[in-house]
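Have a look at the structure below, then the notes.
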Amino acid sequence: MSTFGGFGGIDSRLNSISLVSRDKKIIVAVDYGTTFTGAAYVNSISDIDPCIITTWPGAGRDTDHVFKTPSTIAYPEENKKIGKPRWGFKVEPGMKFYSWTKLLLDTNAPLTKYDDPMLEQATKSGILQLPADKDAVTVVADYLTGVYEHIMHILEKGLTEPILSVSPIEFWFTMPAIWSDQAQAATREAAQKAGFGSRPGRLSDAIYMITEPEAAAIAALTRSTTDIVSVPVKDITTYLVTETEPTLAFEELCTGIGGKCGSTALDRNFYKLMSERFGPAFDALPAKKKGPGSNFMRYFEVLKRNFGHDSEDTTHELELRMRSLQVDPQYYEEEEGMVIISDQDLRDIFDPVVNQIIDLIKTQMEDANKEMEHGKINRIILVGGFGDSEYLRQAVKNTFGSNEKMIITGEKYHEDDCMTVDISQSHWPANSLKKTANLYVSDLIEAPERIEHPDVKHIGSIECDFTGVDLTQFESKIIDGERVYELNYVLKVIFGAQEGILKFEATSKGKVIGKSSITFAKASYY
């Protein structure tokens with residue numbers, strides 16, 4: 006699959022992104038997800054951060070401000086108390102509603118070894134359903150109609166109607182990297198039916214599609230300037246960052262891969278456990294009591310979000326009344342109607358999904374490292390709904406390691422002790438051959454992964470001068486007609502106790518290209 010060649014006219018602008026657009030337009034990002042949907046907008050002529058929509062209609066939200074609304078819809082034909090379709094937080098407990106509809110847009114996608122094996126079973130069990138007289142595109146369009154009307158209402162309030170009436174609007178929809186052409190077409194069709202890019206007389210309004218890893222890479226790379234970045238969600242793609250100033254530029258190293266193994270796979274594993282444990286008593290319950298968006302699954306959503314933060318094994322209770330139960334009391338408290346879930350149960354639910362994601366990352370890293378022989382993956386960024394999971398983060402960290410420490414708090418060091426770290430930087434012809442390596446410290450036992458962390462301090466830098474080094478000794482490749490070199494060097498830290506300093510020395514191809522020193526008083530963390 007090509008990097009930006011997806012359905013919907015993604016153009017080459019995304020390969021080189023200026024952080025400030027000079028075109029007078031409004032850009033709206035829509036993250037239509039399987040379980041939740043979010044949106045943000047920016048006026049491209051204003052030098053401000055995007056405005057995230059945090060007010061979504063409906064009484065079902067826990068607080069006044071939420072970043073996303075449920076991807077659910079209920080129809081009046083099946084709920085006599087309502088006069089028109091209800092969507093998101095407007096869907097109330099007890100209503101018959103539809104969710105996970107996004108997964109039904111990609112009916113022609115071939116199965117992969119990374120797909121969630123419970124997806125087909127969930128479909129057969131009725132969890133993934135459609136109204137008898139509607140197809141997936143229609144249901145998604147009906148849901149997105151509510152989302153579109155709310156976005157336009159927010160835009161009118163935030164930007165005023167006069168500005169809105171004369172400004173073109175670009176709507177950018179995220180989609181899975183493995184989305185088939187048929188699914189991309191279905192998503193675009195649903196968005197158009199909902200009103201996106203279809204204002205009367207506004208021919209310059211448009212809908213664009215961007216894959217979730219690409220969108221994540223752009224968001225992450227505007228805040229991080231590492232050379233090679235792997236962005237794993239349920240879809241995984243690896244990018245080489247070739248330029249950060251004056252514009253962000255990157256290229257896809259190898260074909261993205263993915264599987265249907267995101268956060269909803271946890272729900273399906275949970276349903277499987279409930280069905281095995283309680284049998285017909287659970288299976289016979291209507292979707293409004295056990296389906297996505299029900300109170301039962303909202304309780305489980307909280308469990309998913311918090312799991313992994315506490316190492317103490319404990320049990321959790323979820324309210325769900327079932328009849329005709331003959332079950333071990335360790336699993337159900339009948340008098341109070343409480344399902345009892347242990348942390349081991351949660352591990353059994355999480356582990357198959359986490360293992361699939363780790364396998365995806367391993368495969369992608371192997372492919373990327375073959376493609377990029379002179380470099381290596383140096384960042385893994387978790388995004389998406391499941392990307393917030395502490396349990397997943399710890400599993401990825403344990404598998405692939407964390408930042409290498411140059412100096413470790415509490416360790417004993419002696420004069421002339423030496424430690425080294427390998428560093429590589431891309432060099433473009435227009436750039437200076439004098440490179441700067443910044444030096445940071447942290448007094449935390451577990452070093453933060455980002456230099457923006459408040460406990461990370463900048464204590465100095467070392468200038469590495471490659472002007473006297475033969476560049477032909479380094480790996481290189483042609484990018485946009487220019488030869489780009491991968492400059493490799495070794496940064497050595499030497500402990501000079503008598504001098505009271507830390508000495509830094511950079512060497513490349515046997516030649517010293519830079520020196521620096523930091524006093525122990527300044528590096529007081531050690």
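Using the numbering used here, the letters of the sequence shown correspond one by one to residues 6 to 531. For each residue, glycine too, the CB sits at the ideal point set by N, CA and C. Please read all numbers here as calculations on a predicted model, not as lab measurements.
Item	Value
Sub-8 Å separation of P62 and I78 beta-carbons	no
DSSP-derived helix/strand/coil call for H70	coil
Beta strand (DSSP E) segment containing Q430, residue limits	423 to 432
Whole-number beta carbon distance between V474 and I518, since they are thought to touch under 8 Å	7 Å
Three-state secondary structure (DSSP) of D315	coil
V489 - partner residues in DSSP beta bridges	K482
Environment of F283 [buried if 16+ CB atoms lie within 10 Å]	buried
For K277, the three-state DSSP class (helix, strand or coil)	helix
Neighbourhood of K497 by C-beta, 8 Å cutoff - its chain only, sequence neighbours within 5 removed	C423, M424, T425, F509, E510, A511, T512
Burial state of P181 (16 or more Cβ within 10 Å)	buried
L397 CB to nearest heavy atom of the ligand NAD below 7 Å	Here there are no bound small molecules, and the ligand NAD is not part of this structure.
Cβ-Cβ separation, G202 to F532 (assumed contact under 8 Å), whole Å	The question about residue 532 has no answer here: the residues shown for the chain are numbered 6 through 531.
6 Å CB neighbourhood of I87 in its chain, flanking five on each side removed	P81
Candidates A442, S394, G99, I483: closest to H463 by CA position	A442
Inter-residue spacing [alpha-carbon to alpha-carbon] between R204 and Q369	41 Å
Buried versus exposed call for V307 [16 or more other C-beta atoms within 10 Å across all chains shown]	exposed
Environment of F72 [buried if 16+ CB atoms lie within 10 Å]	exposed
Per-residue DSSP class, three states only, for K29	coil
Own chain partners of L351 with C-beta closer than 6 Å, once the 5 adjacent residues on each side are dropped	F312
Pairwise C-alpha distance: D272 and R398	19 Å
Beta-bridge pairing of W177 - partner residues as DSSP gives them	A34, Y213
I518 at chain C interface by Cβ criterion, 8 Å	The question asks about chain C, but that chain is absent: this structure has only one protein chain.
Cross-strand partners of W105 (DSSP beta bridge)	Note: W105 sits in no beta bridge, so no partner.
Proximity of I385 and V359 at Cβ, strictly below 8 Å	no
Rounded straight-line distance, which links the Cα of D111 to that of P98	28 Å
Close-in-space but distant-in-sequence residues of the same chain around I346 (CB under 6 Å, 5 per side omitted)	H321
Whole-angstrom distance between D288 and S216, CA atom to CA atom	With the sequence shown as reference, residue 216 is identified as Thr, and Ser is not the correct amino acid for it. Straight-line Cα distance between these residues: approximately 36 Å.
Residues near E194 in its chain [Cβ-Cβ closer than 6 Å; skip 5 each side]	V142
Span separating the alpha-carbon of A452 from that of A270	32 Å
Pair within 8 Å by beta-carbon distance, S76 and F41	yes
Backbone secondary structure at L143 - three-state DSSP	A small correction: the amino acid at residue 143 is Thr; Leu does not occupy that position in the sequence shown. In this structure, T143 counts as helix in the three-state DSSP scheme.
Among L133, L149, A190, P167, the one whose alpha carbon lies nearest that of Y276	L133
Helix, strand or coil at L507 according to DSSP, with G and I counted as helix	strand
Alpha-carbon to alpha-carbon, S172 and G206	12 Å
For I345, three-class secondary structure by DSSP	strand
Contact set for W92: own chain, Cβ-Cβ below 6 Å, skip 5 residues either direction	I78, Y148, G151
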